[in-house]
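The structure under discussion appears below in the form of C-alpha cells.
Protein chains: 2
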Amino acid sequence: MPQAKRVELSEARREGLRNIGEAAAASGVSAKMIRHYEEIGLLAKAGRTAAGYRIYGDGDVHVLRFIRRSRDLGFTMKEIGELLGLWQDRRRASADVKRLATRHIADLDARIAELQGMRRTLEHLVHCCHGDGRPDCPILDDLAGTAGA
Amino acid sequence: MPQAKRVELSEARREGLRNIGEAAAASGVSAKMIRHYEEIGLLAKAGRTAAGYRIYGDGDVHVLRFIRRSRDLGFTMKEIGELLGLWQDRRRASADVKRLATRHIADLDARIAELQGMRRTLEHLVHCCHGDGRPDCPILDDLAGTAGA
DNA sequence: GTTGACCTTCCCACGGTGGGAAGGTGGAAA
DNA sequence: TTTCCACCTTCCCACCGTGGGAAGGTCAAC
C-alpha cells in the first residue's frame, strides 16, 4: 500500500490545494470549525503536508460550503451528516431528502411558535408597564407570580 | 458571630422549610438546576441542615418560581440576574424593567426573523422537490450551491 | 536571518440542561 | 432494631456550536 507521499505546502499549492486558512476563506467555515467537523467525523480526515499542515482540494471546499449552507438553514450536525450522506449517494431517493427537510421545517415552526408565545406575553406586559421612575411594575409582578393575586 | 445553628431536617420541616427536592417540586425548577443556579451566584447559598442538606424557605421558592417564569419567557441567565436585582430593589424605576423587557423583545424578534427566513427558504425548496424515488433533488442542489449554476 | 502570519495540538469558556457514579441520610415498614 | 429505598451530597461527563488563547512549529517575504 503506497501511502500518499507527504508533500511540501508549496508543491501542494501548485496542484491547486489549499491549507486550512485558505479553505476557510473559500468556504465560509472558520478554521476552528473545520478542525472540529473533522474531529466529530462529519468530514473525512484531511490530507497533510510533510510538516503536518492540513490540505484541502476543491471537493473538500465544496463539502465545506455544503455544510455552511446547511447550518445557515438551521440543520443540526446530525441532520447535516444525513444530508451529506444523501448528497454523496447517487442512488438516493429525493423523497428521503424531502422528508428530512420537511421534518426540519416542523422543528423550525415549533421554535418559532415558542418564541412568538414569549413575545406575545412580553409585549402585553411591556404595554402594561408605565415605565417611569416609580417602582410599580406589572412585568415584575408577572414574573413574581403576584400579578393575578 | 453566632452562626445559624445547623438543625435536623425534621426540625426544619416543622418550621415550614423544604429540602431541595421539595423546593424543586414547589417551584418547577429541577434540583439539578437549583444547585447550578446557586453555584453561578444567581441564588444565595442555601442554608444547610446538620447533615449538609440544603433547606429552602417560602422566599427561596418564590425566587425560584421567578427564575422559572423568566426562563419560560426566554430571558438569559444574565438578564434574570438583572431582573432579580430590580425585583428586590424597592427603589427601582419601572423604566429599567421595561427597557430590559423591550430589549428582550427585540432579541426575540431577531431570532424569529432568522428562523422565518430559514423556514421560507426551506419551504420553497421542499415545494420544488418532487420527493419520489429518483435522485434529482433541488434541495441538495441548493445546499451544494449547484442550484443556480 | 529575522520577522510576522500562519499552522499544529491542547485546554477552557459560554448557555442550559441532563445523566450517572460513589457515598451519606431520612424515614417508614418489617 | 435492622433493613430498605428514596433522597441527599459532590464530582465528572455529555450535548451543540462556537470562540479564545497558550505553547510550539513552519512558511514566506524581506
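Protein chains in written order, with my numbering: chain U, 1422 to 1570; chain X, 1422 to 1570. From the three backbone atoms N, C-alpha and C, an ideal C-beta is built for every residue, glycine too. For clarity, every value in this text was computed on a predicted model and none was experimentally measured.
Check, Outcome
"N-terminal and C-terminal residue of the beta strand (DSSP E) that Tyr1477 of chain X is part of", "1475 to 1477"
"Runs of alpha helix (DSSP H) wholly within the stretch 1498 to 1567 of chain U (minimum 4 residues, chain order)", "1498 to 1509, 1515 to 1549, 1559 to 1565"
"Status (buried if at least 16 other CB within 10 Å, exposed otherwise) for Gly1495 of chain X", "buried"
"Interface partners of Ile1533 of chain X on chain U, CB under 8 angstroms", "Ile1533, Leu1536, Gln1537, Arg1540"
"Inter-residue Cα distance where the pair is Ile1533 of chain X and Ala1527 of chain X", "10 angstroms"
"Simplified DSSP state of Ala1425 of chain U, which is helix, strand or coil", "Low confidence applies here, because Ala1425 of chain U scores a pLDDT of 49, under 50, leaving its location unreliable; read the following figure in that light. The answer is coil: DSSP assigns Ala1425 of chain U none of H, G, I, E or B."
"CB contact check: Ala1570 of chain U to chain X, cutoff 8 angstroms", "Unreliable positioning characterises Ala1570 of chain U in this predicted model, as indicated by a pLDDT of 46, which lies under 50. The coordinate reading is nonetheless provided below. It does not: the Cβ of Ala1570 of chain U has no partner Cβ on chain X nearer than 8 angstroms."
"DSSP state of Gly1468 of chain X mapped onto helix, strand, coil", "strand"
"Contact check, Trp1508 of chain U vs Leu1561 of chain X, beta carbons under 8 angstroms", "yes"
"Span separating the alpha-carbon of Pro1423 of chain U from that of Asp1517 of chain U", "Legend: pLDDT at Pro1423 of chain U = 36, less than 50; position of this residue unreliable, value from coordinates given subsequently. Approximately 38 angstroms, taken between the alpha carbons."
"Check whether Val1482 of chain U and Ser1451 of chain U have beta carbons under 8 angstroms apart", "no"
"Buried or exposed (CB count within 10 angstroms, at least 16 for buried), Asp1563 of chain X", "buried"
"Beta-carbon spacing of Ile1572 of chain U, Leu1438 of chain U below 8 angstroms", "With chain U covering only 1422 through 1570, there is no way to say anything about residue 1572 of chain U."
"Rounded Cβ spacing between Pro1559 of chain U and Arg1512 of chain X (contact assumed at less than 8 angstroms)", "18 angstroms between Cβ atoms; not a contact."
"CB-CB length for Lys1453 of chain U against Cys1550 of chain X, believed under 8 angstroms", "Incorrect: roughly 33 angstroms between the Cβ atoms, too far for contact."
"Residue closest to Gln1537 of chain X, alpha-carbon to alpha-carbon, out of U:Leu1463, U:Leu1543, U:His1525, U:Gly1502", "U:His1525"
"Where the alpha helix (DSSP H) through Gly1442 of chain U begins and ends", "1441 to 1448"
"When X:Gly1468, X:Glu1544, X:Leu1463 are compared against Ala1487 of chain X, the one with the closest alpha-carbon", "Residue 1487 of chain X is actually Phe in this sequence, not Ala. It is X:Leu1463 whose Cα lies nearest to the Cα of Phe1487 of chain X."
"Contacts of Ser1491 of chain X in chain U (Cβ-Cβ under 7 angstroms)", "Leu1564"
"Proximal residues of chain U, C-beta to C-beta of Asp1530 of chain X below 8 angstroms", "Arg1540"
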